[in-house]
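Chains as they are written, first to last, in our numbering: chain D, 638 to 996; chain W, 638 to 996. Yeah, the Cβ is synthetic: ideal placement off N, Cα and C, and Gly gets one too. Since the structure is predicted, the reported quantities are computational estimates derived from the model, not experimental observations.
2 protein chains.
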Amino acid sequence: MTDKKVIAKLTDLGENIAALIEKNKVPKIQVPQRGLSNIKFDKKTNLLRMGSKTSTRNFMNVAHSKKFMQTLLIASKCQELVANGKTASIRELYYQLKHTIAGTKENTFDDQSESDPLIVDLETMLSVLREELHLKADDKGKLIGNITIEDTGDVIDCSKLGRSGLAIPSIVEHYKFREVKADYALVIETGAMFDRLVEEKYPQKNNCLMIATSGQAARGIRRLVNRLATEVKMPVIMFTDGDPWGYYIYSVMKAGSMALAHESERLGTPSCKFVGMTMSDVDEYGLEKVTEGLKDVDKKRISELLQYPWFQKKEWRHQLRLMEEKGVRIEQQALASKSLEFVAEEYLPEKISSGNLLP
Amino acid sequence: MTDKKVIAKLTDLGENIAALIEKNKVPKIQVPQRGLSNIKFDKKTNLLRMGSKTSTRNFMNVAHSKKFMQTLLIASKCQELVANGKTASIRELYYQLKHTIAGTKENTFDDQSESDPLIVDLETMLSVLREELHLKADDKGKLIGNITIEDTGDVIDCSKLGRSGLAIPSIVEHYKFREVKADYALVIETGAMFDRLVEEKYPQKNNCLMIATSGQAARGIRRLVNRLATEVKMPVIMFTDGDPWGYYIYSVMKAGSMALAHESERLGTPSCKFVGMTMSDVDEYGLEKVTEGLKDVDKKRISELLQYPWFQKKEWRHQLRLMEEKGVRIEQQALASKSLEFVAEEYLPEKISSGNLLP
């Protein structure tokens with residue numbers, strides 16, 4: 638979405654309220670509900686989506702007045718940011734808006750926990766991404782491989798970044814994919830596994846991009862993967878630990894998250910596939926000795942995943958059941974028990990070339 | 638230290654033990670003590686240092702035998718890594734060494750918590766860095782600015798990396814500084830502040846390097862800063878939140894940490910100075926409204942810092958006392974309450990050009 642379009646949406650919001658006031662009507666706004674009851678899993682697209690339920694925020698209702706005022710303050714500041722070509726972190730936004738209201742002892746905001754959810758309200762009301770409002774979440778992650786990206790005028794050949802790689806910023810809307818030679822993107826849960834594969838020259842030998850998420854993927858990473866999959870049709874393969882946490886990280890990359898269901902289309906990547914670690918790998922590669930026992934918290938998490946509609950595919954139910962049965966989980970790093978090179982020279986090439994992937 | 642020298646040290650360790658065995662003497666090794674009682678603050682160099690107390694690890698003492706065996710397994714694997722030009726994460730090392738001892742049901746290692754401290758033992762025994770043993774800690778942090786780094790044959794101009802920056806790996810021993818045009822390095826606690834300064838073109842306008850630590854600095858960052866300060870004599874200025882946690886992050890960058898006192902010389906940067914946030918800034922820049930109240934855990938941490946020998950400089954005692962008195966802390970992002978540009982156009986240039994820095 639262009640900055641111009643975002644400004645138009647924000648202006649519309651303000652003008653509608655101004656019109657109500659001029660007509661002596663109660664100023665109000667409709668905000669989509671974000672509770673679980675308004676989230677649906679769309680099987681056809683394999684994406685979590687927000688339903689159509691909304692709530693009304695009414696300025697003349699004392700329970701709503703403060704939030705109403707705060708929502709408009711945020712909308713107004715976002716309009717200013719976009720118009721000036723500036724971006725702000727959500728923490729900076731809070732500090733920018735925090736002040737004592739003239740003639741009172743009342744603060745506009747007392748805590749960032751008041752502004753953060755209203756940002757999401759604004760995103761859902763206007764169907765714009767936080768990044769399009771020029772707001773930034775935290776950044777995390779790095780990228781290496783055969784792609785050339787234009788970033789703010791600089792042309793960056795990501796295959797020439799040594800063992801370091803490009804730090805992925807929280808906003809990647811401005812990235813232009815100039816030359817994409819890699820055959821696929823391998824998205825990796827741990828930084829240590831990313832480093833291992835860099836050392837083994839995996840991206841060069843397999844002509845792929847690699848992205849490290851370092852745990853749950855930040856929005857910048859999810860948006861980057863989405864853009865690679867949709868704009869340059871790059872196949873995406875994910876590689877996580879073999880535990881319920883790793884599997885959930887994969888599901889967020891693929892189908893989106895509950896908290897950001899309204900943005901699944903732009904943050905999720907339904908074409909994404911999963912290479913490992915699976916519970917079947919444990920037998921297949923003789924890794925029994927390097928598994929770890931499940932803790933209660935792991936078991937609880939497995940039961941939760943088994944309830945989620947987006948974990949109902951038979952392959953995933955099978956893996957989760959197998960995990961329960963065996964009572965173990967397995968880490969990516971456990972492959973080092975075979976040899977340091979094993980993951981790069983056998984495990985990944987074998988599984989990927991034979992299409993031994995989970996949906 | 639060259640790989641050859643590290644291998645020689647590891648070989649020495651093995652040969653000394655072999656010699657003891659051949660002479661029918663008890664195999665043993667001397668391990669420096671790492672408790673607080675063996676850590677000293679060296680005022681002259683402004684570095685934390687390890688004292689000279691050691692303990693003996695004796696193979697014939699049943700309380701020591703397993704650790705003795707484990708220490709030698711690690712030493713032997715490190716020798717193999719260095720000889721083969723490979724590096725491993727400390728988690729991979731654990732998995733590489735974990736196996737059932739032939740003819741028993743005993744594992745060499747049952748948990749990574751057994752191998753991690755022995756790696757530190759080996760570092761202190763041999764006076765080598767973990768990185769020189771080809772072992773990797775976690776990575777974190779990014780860099781941007783006017784420096785050209787050679788990394789594994791690739792020549793990276795870090796002033797041409799858009800808004801992304803270079804991801805700093807856990808090992809930076811192999812970096813070669815090819816061209817260093819920046820006048821100083823600004824090391825920043827939060828990724829969001831780094832992003833702000835990138836957006837304001839601070840590195841270009843002030844000809845500096847910027848490094849984000851994202852909280853406590855990882856070893857890779859600390860080693861990089863140390864190398865910049867010692868090898869290319871780059872002045873280093875640090876910018877953290879105004880709270881005991883930010884001040885401690887600074888002190889670790891400058892004087893080293895208690896846990897890694899044996900490596901302070903290679904991880905600490907005594908020439909480092911501190912620009913903010915200070916408690917004096919709160920008055921100076923009228924930031925009272927955007928401070929946050931101290932929690933009990935903050936107050937406790939302030940008392941602890943006031944006890945540390947390396948916080949006895951009068952400037953630091955003054956700031957910590959002021960923090961106690963005011964009962965508030967202040968974040969870097971609070972400067973956004975003036976304007977988004979304020980930090981880049983007034984705060985930092987004013988304080989740095991007038992030398993208004995803490996030691």
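Counting along the chain, where does the alpha helix (DSSP H) carrying residue i start and finish?
i: L685(D); result: Taken as a continuous stretch (DSSP letters only), L685(D) belongs to no alpha helix (DSSP H), being part of the beta strand (DSSP E) at 684-687.
i: L734(W); result: 727-734
i: E597(D); result: Since the displayed chain D opens at 638 and closes at 996, residue 597(D) lies outside it and no answer follows.
i: K936(D); result: 933-944
i: V927(D); result: Per DSSP, V927(D) belongs to no alpha helix (DSSP H) and is neither H nor E.
i: S917(W); result: 916-921
i: N653(D); result: 640-659
Let me know if residue i comes out buried or exposed under the rule of 16 or more other beta-carbons within 10 Å of its beta-carbon.
i: Q716(D); result: buried
i: K932(W); result: exposed
i: M792(W); result: A small fix is needed here, since residue 792(W) is Val in this sequence, not Met. Exposed, by the Cβ-count rule.
i: L598(W); result: Absent from the model: residue 598(W). The displayed extent of chain W is 638 to 996, so no value can be given.
i: L673(D); result: exposed
i: D758(W); result: buried
i: A896(W); result: exposed
i: A898(W); result: buried
i: D776(W); result: buried
i: R860(D); result: buried
i: P754(D); result: exposed
i: N843(D); result: buried
i: E768(D); result: buried
i: A656(D); result: exposed
i: T708(D); result: buried
i: A739(W); result: exposed
i: V934(D); result: exposed
Which residue marks the beginning of the beta strand (DSSP E) containing residue i, and which one marks its end?
i: S692(W); result: 691-695
i: E900(D); result: It is not in any beta strand (DSSP E) - E900(D) carries neither H nor E in the DSSP assignment.
i: V668(W); result: 665-669
i: K910(W); result: 910-913
i: I676(D); result: 676-679
i: V792(D); result: 791-794
Are the beta-carbon atoms of residue i and residue j separated by less than 8 Å?
i: K646(W); j: V765(W); result: yes
i: Y732(W); j: S974(D); result: yes
i: A720(W); j: L772(W); result: no
i: Q923(W); j: L685(W); result: At residue 923(W) the sequence reads Gly, which differs from the Gln that was named. Not a contact, by the Cβ cut-off of 8 Å.
i: K891(W); j: P907(W); result: yes
i: G879(W); j: I967(W); result: yes
i: V635(D); j: E929(D); result: A question about residue 635(D) goes unanswered here, because the residues of chain D that appear run from 638 up to 996.
i: I971(W); j: V927(W); result: The identity of residue 971(W) in the sequence shown is Ala, whereas the question assumes Ile. Going by C-beta atoms, A971(W) is nearer than 8 Å to V927(W).
i: G688(W); j: N698(W); result: no
i: M914(D); j: L959(D); result: no
i: L803(D); j: A804(W); result: yes
i: I848(D); j: I874(D); result: no
i: K910(D); j: L985(D); result: no
i: I711(W); j: S752(W); result: yes
i: I998(W); j: G799(W); result: Residue 998(W) lies beyond the stretch modelled for chain W, which goes from 638 to 996, so this question has no answer here.
i: Y839(W); j: M871(W); result: no
i: K723(D); j: E836(W); result: yes
i: C795(D); j: I784(D); result: yes
i: F814(W); j: V889(W); result: no
i: L763(W); j: T745(W); result: no
i: L834(D); j: N863(D); result: no
Against chain B, with Cβ distances strictly below 8 Å, would residue i count as a contact?
i: Y922(D); result: In the displayed structure, chain B is absent; the protein chains listed are D and W.
### Query
Enumerated in chain order, which unbroken segments of the beta strand (DSSP E) with a length of 3 residues or greater are wholly contained in the region 800-881 of chain D?
813-817, 821-825, 845-849, 873-876
### Query
Got a sec: which bits of the region 739-772 of chain W sit with their beta carbon under 7 Å from any beta carbon on chain D, in order along the chain?
none
### chain W contacts from the region 839-851 of chain D (Cβ-Cβ distance under 7 Å)
none
### Query
Looking at chain W, which residues of the region 691-708 of chain D have a Cβ within less than 8 Å of any of its Cβ atoms?
none
### Message
Against chain W, which members of the region 871-896 of chain D pass a CB distance test of less than 8 Å?
### Response
none
### Query
Mind pulling the alpha helix (DSSP H) runs of 4 or more residues that sit fully within the region 709-777 of chain W?
727-734, 749-763
### Message
Can you pull out the residues from the region 804-818 of chain W whose beta carbon lies closer than 9 Å to at least one beta carbon of chain D?
### Response
A804, I805, P806, S807, I808, V809, H811, Y812
### Query
Listed from N- to C-terminal order along the chain, which residues in the region 668-680 of chain D have their beta-carbon within a distance smaller than 7 Å of any beta-carbon of chain W?
none
### Query
Using a beta-carbon distance cut-off of less than 7 Å, what residues from the region 961-990 of chain D approach chain W?
Q970, A971, A973, S974, L977
### Query
If contact means a Cβ-Cβ distance below 7 Å, which residues of the region 645-667 of chain D contact chain W?
none
### Task
Using a Cβ-Cβ cut-off of less than 7 Å, give me the residues of the region 705-733 of chain W that come near chain D, in sequence order.
K723, T724, A725, S726, R728, E729, Y732, Q733
### Where the region 770-792 of chain D meets chain W: residues whose CB sits under 9 Å from a CB there
K773, D775, D776, K777, G778, K779, L780, I781, I786, E787, D788, T789, G790, D791, V792
### Query
When Cβ atoms are compared, which residues of the region 943-959 of chain D fall closer than 7 Å to chain W?
none
### Query
Given a limit of 8 Å on CB to CB distance, which residues of the region 908-937 of chain W reach chain D?
K926, V927
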